[in-house]
Amino acid sequence: MILKVNGLEFTYHERPVLKNIGFELKKGQIMAVLGVNGAGKTTLLKCLNRILRLRMGTVFLDEENVKDMSRNHIAKHFAYVPQKYEEEPLTVFDAILLGRRPYIKWEATSHDLRIVEAILYRLDIEYLALRPTNQLSGGEMQKVIIARALAQEPEVLLLDEPTSNLDLKNQLQVMQLVTKAVREHNMAAIVSMHDINLAFRFVDHFLMLREGRVHLLAPREEVTAQDIEKVYGVKVILGDVDQYKIVIPVNENSEGAL
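Its first residue numbered 936, the sequence shown is counted upward by one per residue in the numbering used here.
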C-alpha cells in the first residue's frame, strides 16, 4: 500500500466540503475522482498533499503521516498538476527543471539535467526543449506541466482535470502518458475528471463524490449506470464498444440521447 486516507474532512468558512473521505491506493494504480461541479474534487487533491489543511482525518504515505512531513519532503513524494497554471518566461527545458527544485541545494547538477533530458525524450517533446513556454499550444503546455511533475520523481501524481480544454487527440495522449508513467515507474495517480468515458478507458478505480461524501469507491468494472445517475442526476445507458465501456446520457423518457 502506498496511500491510505481515513476520515478526511475539510471545511471552508464553516461550510463542510468533504465529509469522512477514506480510500487506499497501491503503486501502479490510477484512481479517478468524479462528481458534479463543486463536489470537492479539487479540494480533495489539495488536502492530500497539504496545500489545504484537514479539519479531521489522516493521510498516510507508506505509513508516514503527511501531517508530519516538511513541505520539501512532501514535494519529493507528491507531484501536483493544477487545473490552471501561470505561464512563465522560461524555455521548456527550464520549466521542467523546476520539478527538480526539492532536490537542488545550490544549483542543478548533471544528474538533474540528465533527468530532464530523459523525460523530454520519454514524452517525445525533446523538439520543444528550447521553445519558450508562452509559445506552446494547450496540449503541448499540458505535457510540459506533466513532465515537470515527473521530474520530481514522485510516488503519487495528483492531476486536477489534466484533459480539460484539450482536443480529443491530446486528451488521449495525455492520459496515455500518465498511464505509461504510472506503470513503468510504479507510482500511483489520482486524477480528477469530468469525462467518464475517458475514465473508463484509462483508470483502475473510481471514487465518485456526492454532496461531499464518497458515493462509490470501486474498480471500474463494478461501476453501474445507477451509480452514475445518482451522482450526476442524469439517466444514462452503460454499454460496451470493443473492450471499452461507454456512457450515453439519455432523455428522462429514454427515447433518445440528450
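For glycine and all other residues, C-beta sits at the position ideal for the given N, C-alpha and C.
L1107 carries a helical assignment under DSSP once its states are collapsed to helix, strand and coil. For M966, the uninterrupted beta strand (DSSP E) segment begins and ends at I965 to L969.
P1184 sits in a strand when the DSSP states are folded into three classes.
Around the beta carbon of S1127, a 10 Å sphere encloses 16 or more other beta carbons of the protein chains shown; the residue is thus reported as buried. Remark: C-beta atoms of R990 and E944 approach each other more closely than 8 Å. P1097 counts as buried, since no fewer than 16 other beta carbons sit within 10 angstroms of its beta carbon. In this structure, the straight-line span from the alpha carbon of E1023 to that of Y1038 is close to 21 Å. The C-alpha of F1135 lies about 44 Å from the C-alpha of W1041.
Per the DSSP secondary-structure output, Y1062 pairs with nothing in a beta bridge.
Ranked by Cα distance from I1172, the first of Q1161, V1166 and I1060 is Q1161.
For the 8 Å CB-CB criterion, F1013 and P1089 form a contact. Secondary structure at M1076: helix, using DSSP grouped into helix, strand and coil.
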